[in-house]
Structures are given as structure tokens and as C-alpha cells.
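Read in order, the letters of the sequence shown correspond to residues 0 to 285 in numbering that gives the first Met the number 0. Have a look at the structure below before the remarks.
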Amino acid sequence: MTHKTPLLMRTAEEMRPVLEGWRKDGKRIGFVPTMGALHDGHMKLVDAACRQCDHVVASIFVNPTQFGPNEDYSRYPRSVDRDVDLLAEHACDMVFLPDVHTIYPEGFDTTVSVGNLAKPLCGNHRDGHFDGVATVVSILLTSVRPDTSFFGEKDYQQLLIIKRLNRDVIKQGEIIGVPTFREDDGLAYSSRNQYLTPEERDIAPSLYAALSWARQYQGSMSGHELAGQAKQQILDAGFETLDYCEIRHKDTLELLDDDVTDGRIFAAAWLGSTRLIDNVAMNDDE
Ligand code: AMP
């Protein structure tokens, strides 16, 4: 893999001439927005961007507006120097590292909101979360104006919301979903895995195991029953509570019951003070 020394940029104004130069030379620009604390899952997005584009821009910004008042904004892991080293190893050309006041200057008073896709699942449990996501992604996409942006299927509802936001309003290139990258035991890589105690880390893979079980046993019972049994398995494994475990349509997020073939099973569950989410397609073709 080519090592590059990425340009470090703090503002959209600083990025603009470089991005314009690339565009003028006919280069395709790929974009990977992140909140940092980078791991191998993020790197799959960067690698996909490198394969499909000539230049890759990553952003690192822990976005305060997507965290609720009782959520983990202040303790969210931050490791910018290490993150930049990792991005350099993966041939990233530019890292956008704005501070909070650059993104949300004094007097900022706009919220971007997506409709029905933002209502169920995490939208039902994290008040204002997707408004925060849609708002920051609007700012980032219009600052970078990429040809292609890469988002993880790990946050599948977020991916659908961003696709819709981009289609309806932002219209900045294509949004590509990248499959969830997992540890050998099935646990999806996540910055929040750092919060887990060794005991919790042992329990954590049972989330993916239960969702995979539901996928395997589809057809033998209704979607509602499948999700119910998967939920019970997650609790039996040692998770304290679940926010949801549901099978919903992969494009519309409507609940599915009789025929789940076009569905994904989604779960959010708590291990101590850590909330983990995951989802699995019911169909091989995805
Ligand atoms: P975050 O830093 O958590 O906001 O994530 C930044 C991007 O990386 C989002 O598009 C996530 O969906 C994606 N991502 C996070 N974890 C994974 C993973 N395990 N596999 C693939 N993509 C991921």
C-alpha cells in the first residue's frame, strides 16, 4: 500500500483551491467522513475510496449535535495523531480536521432533517441524532463536493438517510455503502468497542451471532417471531437491555413480518454503559 503524507486542513476555505485543482485536472475525489478513533472498519471505507477515486479526503470531526445530552460526546475516544498516521498508511491525500466553531460558527441556527427514514430504530431512541448527522453531513459534503462518498453499512439507517438527503437536496456525487467489517469473532469494528470491559468484550459477539441466527432461520417463523427470538438470545448472552431488534425493509425501513427476504435485521443493545448496534441482510444478494 502506498504511504502518503496527507494535507491537513482546518477549514473549507483552505481545502477549496486544492480540491479545485484536482477537479480541474479531471481527478475523481472520494470522501470518507468519520468521527475519528479510527479502526480497521474505517480503513475499509478509505481503501474502497482509493480503489474508486484518484484522490481521497477523510474528515475527522466528533459532531456534538448528533449526541444527546446524556450521551457520550465528552468521553467519545479521540486519537487524532494516531488517526492521521493510519490515514497516511492507507494513502489518504487530505484530512479535514475542523474544530467545532468552524462547523458551527457563532449564531449557527439551521437544522437539516430527513423524514420517515429517520423515524424508526435509532431515530426512535436517540432524539435529534439523525438531524445532527444530516446537518453535519450537509456541511461536509458541500465543503468537499466529492464525486463519491463512502459510508458504512454498520450504520445502515444512517446510510439510507444520507443517500436520501443527497438525492433530495445536497446532490454532491454518489453515496456508496461499504459492507460492515468485523473482527474474527463477528463483532463489528466500532470506536465504541474501546469502552467494553474484557467481560463485556466476550459477550459482545453474541449480538452478531443472534442476527445471523435469524437470517439462517428465516422462513421457519414470522419476522416478528424471528426478531423476538434473536432478542432473547442477545439478552440470554448477557446484554442488559435492547433498544430494538426488528426486521425492516432494506430500502424503506418498513417493518416486515410475513416475507422478510427483502429485509435486514437491526438491533441496538446495551452492555453496561456501552450501546452497540449491528444489522445483517436477510438476503445473500446484498
Ligand atoms: P464513525 O466514525 O463511527 O462516525 O464512522 C464513520 C464511518 O465509518 C461511517 O460511515 C460508519 O458507518 C463507518 N464504519 C464504522 N464502523 C464500520 C465497520 N465496522 N465496517 C464498515 N464501516 C464502518
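Virtual Cβ for every residue (Gly too), placed ideally from N, Cα, C.
query, result
"Tell whether a beta-carbon distance below 8 Å holds between ALA226 and GLU245.", "yes"
"Output the residue ranges of the alpha helix (DSSP H) runs that lie fully inside the region 50 to 131 and measure 4 residues or longer, sorted by chain position.", "79 to 88, 99 to 102 and 121 to 124"
"Just how far apart, CA to CA, sit THR134 and SER190?", "21 Å"
"In terms of residue numbering, what span does the alpha helix (DSSP H) encompassing HIS38 cover?", "Here HIS38 belongs to no alpha helix (DSSP H), and DSSP marks it neither H nor E."
"So, under 8 Å CB-CB, ILE174 and ILE161 are touching, yes? Tell me the CB distance rounded to an integer number of Å.", "6 Å"
"Measure the beta-carbon distance from LYS249 to GLY262 and round it to whole angstroms, keeping in mind my assumption that it falls under 8 Å.", "6 Å"
"In chain order, which beta strand (DSSP E) runs of at least 3 residues are fully inside the region 163 to 244?", "173 to 177"
"Which whole-angstrom value is the C-beta distance of THR260 and ASN282, which I expect to be below 8 Å?", "5 Å"
"May I ask you to check if the CB of VAL177 is nearer than 7 Å to at least one heavy atom of the ligand AMP?", "yes"
"PHE60: buried (16+ other C-beta within 10 angstroms of its C-beta) or exposed?", "buried"
"Quick check: what's the CA-CA separation for GLY114 versus GLU88?", "39 Å"
"Helix, strand or coil for MET281? Go by DSSP, reduced to three states.", "coil"
"Note the first and the last residue of the continuous alpha helix (DSSP H) segment covering LEU255.", "Per DSSP, LEU255 belongs to no alpha helix (DSSP H) and is neither H nor E."
"Take every Cβ of the region 65 to 79, pair it with every Cβ of the region 97 to 112, and state whether three or more of those distances are shorter than 8 Å.", "no"
"Go to ARG263, then tell me how far its beta strand (DSSP E) extends in each direction, as first and last residue.", "262 to 270"
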